[in-house]
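Numbering (my numbering), first residue to last: 1 to 103.
Ideal placement from N, C-alpha and C gives every residue a C-beta, glycine not left out.
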């Protein structure tokens, strides 16, 4: 999704603490503060520490299975679903639209 949209990847503190992503990608109170035009939060609960790093994003889109997650309730738009199903579907649609003659 990041590559298809020409974006940058960010991660939560939990993800960087577990070593799944490098610390320089951490977004939040103890990471970077970002101000993108669009921030897509995939599976992010929306802890106040993470929110501190993204609150100036112009548009926030949340993808989460929990409709009551703070990120979902604060987002401008939300998709209630499993990110492992939603993100591949979005990727497929973006690829389809990028292919000449399929729009």
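Check, Outcome
"Rounding to the nearest angstrom, what Cα-Cα distance links residue 40 and residue 93 in this structure?", "16 angstroms"
"Considering Cα atoms alone, identify which of 32, 66, 63, 64 is closest to residue 54.", "32"
"Hey, which unbroken runs of the beta strand (DSSP E) at 3 residues or more fall wholly within the stretch 16 to 65?", "38 to 42, 59 to 64"
"Please report the straight-line C-alpha distance between residue 42 and residue 10, rounded to a whole angstrom.", "10 angstroms"
"Between the alpha carbons of residue 89 and residue 4, how many angstroms are there, rounded?", "13 angstroms"
"According to DSSP, simplified to helix, strand and coil, what is residue 110?", "The structure shown has nothing for residue 110, since the chain only spans 1 to 103."
"Where does residue 75 fall in DSSP's three states?", "coil"
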